[in-house]
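Below you'll find the structure, written out as structure tokens, and then a few comments.
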Amino acid sequence: MLSIATLLLLGCRPEVPDPPDTDTDAPVDTDLPGPPVVDCSAPLPPFELGEPLPAPRANRSLAIAGDTLVGWDTTSLIRSTGPHDAALWVPEITAFGGMVFLDDGSLVVSEHLRTENVLRVQPEGGVEILATGLRAYGIVKGPDGRIWATAEPDTIYRIDPDTGEVDASFVLPADVLPRISDFSPAGDRLYVGTRNEQGTIWAFDLDSDGEPAEGVPFATTEGTFHDVLVVDACGDLYVTAYEGSAVYRISPDGEVETLATFQPVDHVHGAAFGSGVGAWDDHTLYVAQPNRGNLVSAWPLGRPARDWRGGDYTVSR
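Residues 0 to 316 (numbering that gives the first Met the number 0) are what the sequence shown spells out, left to right.
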């Protein structure tokens, strides 16, 4: 059987039906003057993981900027500008960990296992080593403009994307076992999903310079080994657990709601909010499903990301 990368190079594409409409912008009122308002008291749609999109591919993580979704199909980086479109971007790359776009269109990628490097991929496809020997999995762009890389066994590194300078001063308690992280909408708190057997999510309050206070346990999920942790504009966390194959929504107060449990084949292993440009609805979370052939599915949330419009929005509760 030909690999997806080979099929893409040959220009082959399967005939598939269109995915369902995932436009879920109802809780946001954009008709009022000034920044749009996200109504955090509005009812949210029930959890529903849509049918996989036909063309995009993502094994462990994915990233979206503008009209482009990028994922890794276990051999190469694949770019998609819509559900029926996919093209080879960078061949022969090991993007086992997280990835995130920078403002200039370059992509930061973690080679979690093979090289333990963090790479920067330029828009034209050139690849350079940004940092070495970090064994980072989670990758997120911080409010300070640096890349925050969650690494085994106990460190969150902060990397200057322009110089490659690495700050390794953020060493966590021995029982945290960090896996993945994201920030509160105000950028004053870092949430850390873990690999520990307790299913604990930790919270680190950050001062005005981005320096962390002592971390505290924030919430505990029944499932363990967190593969997704993202935060929406209302401050709710969305977390998936590999052990237990479950997805959770956690309030800013730490209240845990189990949204669904999965069969292992449906496990969600990476996620990115849509950009609101082209095919990628900005009130939908697009997720990687490696156990379903590295397919990408759409999860309508009814809310945008914590950094929606660069933070140019207000919330009502």
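We treat Cβ as the ideally placed atom computed from N, Cα and C, and that holds for glycine.
Bear in mind that the values here come from a model prediction, so they are computed numbers and not experimental data.
Among the residues of its own chain, which have a CB less than 7 Å from the CB of residue i, if the five just before and after it don't count?
i           : result
alanine 167 : Thr154 and Tyr156
valine 264  : Asn290 and Arg291
serine 274  : Ile63, Ala64, Gly65 and Asp281
Figure out for me which residue from the options has the closest Cα to the Cα of residue i.
i            : options                           : result
serine 296   : Gly49, Leu43 and Ile158           : Gly49
glycine 186  : Gly310, Glu196, Asn195 and Arg248 : Gly310
glycine 277  : Asn58, His83, Thr193 and Val107   : His83
tyrosine 237 : Val99, Gly132, Ser180 and Gln121  : Ser180
Compute the Euclidean distance between the alpha carbons of residue i and residue j, then round it to the nearest angstrom.
i              : j             : result
valine 89      : valine 69     : 10 Å
leucine 294    : threonine 223 : 23 Å
threonine 21   : tyrosine 247  : Because the pLDDT of threonine 21 is 46, which lies under 50, any placement of that residue in the model is unreliable, and the number read from its coordinates should be weighed accordingly. Cα to Cα, threonine 21 sits roughly 20 Å from tyrosine 247.
proline 44     : glycine 301   : 7 Å
proline 184    : cysteine 233  : 7 Å
valine 37      : valine 314    : 5 Å
threonine 257  : arginine 134  : 30 Å
arginine 194   : threonine 220 : 12 Å
tryptophan 307 : glycine 243   : 31 Å
alanine 86     : glutamate 196 : 39 Å
arginine 316   : threonine 199 : 27 Å
How far does the beta strand (DSSP E) with residue i in it reach, from first residue to last?
i                 : result
alanine 288       : First, the residue type needs correcting, since residue 288 is glutamine and not alanine in the sequence shown. Run containing glutamine 288: 283–288, per the beta strand (DSSP E) assignment.
phenylalanine 272 : 269–272
aspartate 159     : Careful: aspartate 159 lies outside any beta strand (DSSP E) and carries neither H nor E.
serine 168        : 165–170
isoleucine 321    : This structure leaves residue 321 out entirely; the chain is present only between 0 and 316.
valine 117        : 116–120
Bridge partners for residue i per DSSP, in chain order?
i                 : result
phenylalanine 100 : Leu106
threonine 313     : Val36
glycine 189       : The residue you asked about is not glycine; residue 189 is leucine in the sequence shown. Looking at the DSSP assignment, leucine 189 forms a beta bridge with Phe182 and Phe203.
histidine 225     : Ala240
tryptophan 147    : Val139 and Arg157
glutamate 256     : Arg248
Could you pull out every residue in the same chain whose Cβ sits closer than 6 Å to the Cβ of residue i, ignoring the five residues on either side in sequence?
i                : result
arginine 56      : Ile3, Gly70, Asp72, Ile77 and Asn293
proline 160      : Leu101 and Ile146
tryptophan 298   : Leu48, Leu284 and Val286
aspartate 143    : Gly209
aspartate 226    : Thr239, Tyr241 and His268
alanine 304      : Phe272
phenylalanine 46 : Leu258 and Ala259
Sorted by chain position, which residues of the same chain lie with C-beta nearer than 8 Å to residue i's C-beta, five sequence neighbours on each side aside?
i             : result
alanine 212   : Phe203, Asp204, Leu205 and Asp206
leucine 129   : Val107, Asn116, Val117, Leu118, Arg119, Ile146, Ile158, Pro160 and Gly163
histidine 266 : Asp226, Thr239, Tyr241, Ser244, Gln288, Pro289 and Asn290
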